[in-house]
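Chains as they are written, first to last, in my numbering: chain A, 955 to 1290; chain B, 955 to 1290. Think of the CB as a built atom: it goes at the ideal place given N, C-alpha and C, for glycine as much as any other residue. All values reported here derive from a predicted model rather than from experimental measurement.
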């Protein structure tokens, strides 16, 4: 039986058009069943554009939509019929094995936490995301779920990040580092210092903790998982996007500045395209909300069909490779 | 009379060779006098390599050196004869108007704070640094001096960053933003939220506060000054360096992957070079430690001659354009 994925068809800047398109592409390419959750007429109108012969795609009715500007907690309590709430219900009731959401990140987190609950030993679910480096990709956790954290949270992020890295990225014995502003153990703010102590406090730890990692080193491939609070993680993620975008743009501007350079640019185009792909969040396939009893992939609000298709791949892999089972096992052998 | 700059000739990975070389270049190009502070025989041996006819370069004796690994506070108290301590003394005694240091950032900060004192109204000196954007460069403050901050500190960083932006970068009425993980006023951690309130609390403020700025937006040129605590600032700076370095490297790898692409690469070389220049910290000329009674430019530990030459330019401009006077005036008209 194929894996079934519930998709919030109404969430994101390009919903429902691009969400439905990406779902059709994902269902076909990754051989999964899809529940499109949203306003039936709108979703059906989009779905009718495609030939879905042989695909298992169903529409699940949800009349309300949570907007990006709404406070997540109160919105999910008030709008029981919101697409994100109903999509989470599909997972909670066992009708789907995973969730893909591109709308309000806060609403997706709140709905998942409320509707599915936390994994044992995890105090705060966190967002894990894959960043490109010069070597293998690195898992960044927390990329924005928890603005303020305690050392215990960062330690649990280390456990969850390790599970994600080994199961989804395919790294054996992933190296875990703390994002810090210096390499030595006494460096950084109180959170970084105390987290360092916690990571090194447990004898016989099966976590492969390598110490502090500076912002610059993240991209050299020095480690496989970097942990930090959600504020630092979100800044790291967005600065990465911002610099990559700026550099590609400036490089293009440079290349178009003279006729000779233009010829070079024409020849260099495939290289430029490949570079952009590597840093395009549509290619990552979204972030995983780890630490909940279920699988929830959170896509960027500006996700287009490609991003949704890739999010479906990440959701499928996470279920198949049992990331949550790995988190629980790692927790059992590393609890403090 | 030309401006005189004291330079810690023993500080940095390439001291004294590159420091002395950069000082000679800087003295000539920027028409300043230089005091090279360090071990006389070593500095003299380097200086003898150059024709310094017509330049005002003097050696000031300092027998001790503070190593990168030493704890800054105790090191400057213990080693009264250290090059960084003696260099600061030159400014304190009025023998020089500014200081350039490429050694331990902590030691330079501690020595400056101890030897020169703080400007009125500034509780915590901070490191201000210029980052490239798609538009005009943006001033990042604090880039690493204070791992933990209070809202009052960020507000003062806003005052100092504005002064730096208007006087050195040349921006009229610089726009100031808080680095945050969302645009709305209630977003982010406690520090970001409370700082937002503080920036908007004062009626008739002459600061051009524009609100929160996300990591991605920093590089679009949306504002001229971004404030944050030194932990977030240092991560921002180093992630920027790391991503820029990775992208240039990967782009080169792509370009050398086929014969045709190689031809393109050859043609595109000047464009690539220009891009690297734009993101090379040797080109920035270092960071200013703002908030002390004096002018102190802190260069990267791996500074070579070019970086030192540019640091001399930044030091000279800061003195000539009276950044500290501007900070005091801005403080007077914006104190809480």
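- Neighbours of residue 1189/B across chain A, judged by C-beta separation under 7 angstroms: 1133, 1135, 1169, 1186, 1189 and 1190.
- Taking a Cβ-Cβ cut-off of 7 angstroms, the neighbours of residue 1098/B in chain A comprise 1135, given in sequence order.
- The C-alpha of residue 1203/A lies about 35 angstroms from the C-alpha of residue 977/B.
- Closer than 8 angstroms at the C-beta level to chain A, one finds these residues of the segment 1082-1107 of chain B: 1086, 1087, 1088, 1098, 1101 and 1102.
- Contact annotation for residue 1061/B against chain A: no contact, minimum CB-CB distance about 14 angstroms [criterion: below 8 angstroms].
- In the structure shown, residue 1243/A falls within a strand segment according to DSSP collapsed to helix, strand and coil.
- Close to residue 1197/A, with beta-carbon spacing below 7 angstroms, are these residues of chain B in chain order: 1173, 1194, 1197 and 1198.
- The criterion of a C-beta distance shorter than 9 angstroms is not satisfied by residue 1161/B and residue 1105/B.
- The three-state secondary structure of residue 994/B, taken from DSSP, is helix.
- For residue 1044/B, none of the residues of chain A pass the 9 angstroms Cβ criterion, the least Cβ distance being about 29 angstroms.
- Three or more Cβ pairs drawn from the segment 1003-1019 of chain B and the segment 1037-1048 of chain B lie within less than 8 angstroms of each other, which places the two stretches in contact.
- The DSSP-derived three-state label of residue 1042/A is helix.
- Non-local beta-carbon contacts of residue 998/B in its own chain, meaning distances under 7 angstroms to residues more than five positions away in sequence, involve 1013 in chain order.
- A direct Cα-Cα distance of roughly 6 angstroms separates residue 1128/A from residue 1119/A.
- In summary, the residues of the segment 1138-1153 of chain A whose CB is separated from some CB of chain B by less than 7 angstroms are 1142, 1143 and 1144, in the order they occur in the chain.
- Residue environment for residue 1227/A: exposed (fewer than 16 other C-beta atoms within 10 angstroms of its C-beta).
- Of the residues assessed, residue 958/A falls on the buried side of the cut-off, its CB having 16 or more other CB atoms within 10 angstroms.
- Boundaries of the alpha helix (DSSP H) around residue 1107/B: 1105-1118.
- The C-alpha of residue 1251/B lies about 46 angstroms from the C-alpha of residue 966/A.
- Here the alpha carbons of residue 985/B and residue 1263/B stand approximately 11 angstroms from one another.
- Only residues of its own chain outside the window of five on either side were considered, and among them 1090, 1119 and 1178 have a CB closer than 7 angstroms to the CB of residue 1125/A, listed in chain order.
- Taken through DSSP and simplified to helix, strand or coil, residue 1198/A comes out as helix.
- Less than 9 angstroms separates the beta-carbon of residue 1134/A from that of residue 1168/A.
- Taking C-alpha positions only, residue 1110/A is separated from residue 1079/B by approximately 35 angstroms.
- Within the segment 1250-1271 of chain A, no residue has a Cβ lying closer than 8 angstroms to any Cβ of chain B.
- Taking a cut-off of 8 angstroms on C-beta distances, the segment 1178-1191 of chain A touches the segment 1081-1090 of chain A, as three or more cross pairs fall below it.
- For residue 1006/A, same chain residues with a beta-carbon under 7 angstroms away, outside a window of 5 residues either side, are 978 in chain order.
- When beta bridges are read from the DSSP output, residue 1055/A appears opposite 1252/A.
- Taking residue 1281/B as reference, the option from 1256/B, 1172/B, 1088/B and 1072/B with the minimal CA-CA separation is 1072/B.
- Contact fails between the segment 1261-1277 of chain A and the segment 1241-1256 of chain B, because fewer than three Cβ pairs, one in each stretch, are under 8 angstroms apart.
- Scanning the segment 1123-1204 of chain A from its first residue to its last, the whole alpha helix (DSSP H) runs of 4-plus residues come out as 1144-1155.
- When Cβ-Cβ separations below 9 angstroms define contact, residue 1183/A makes contact with chain B.
- The three-state reading of DSSP puts residue 1207/B in helix, counting H, G and I together.
- Bounds of the alpha helix (DSSP H) holding residue 1284/A are 1277-1288.
- Contact note: residue 1217/B reaches chain A through 1221, using a C-beta cutoff of 7 angstroms and chain order.
- Annotation: residue 1019/A is outside any alpha helix (DSSP H) and is labelled neither H nor E by DSSP.
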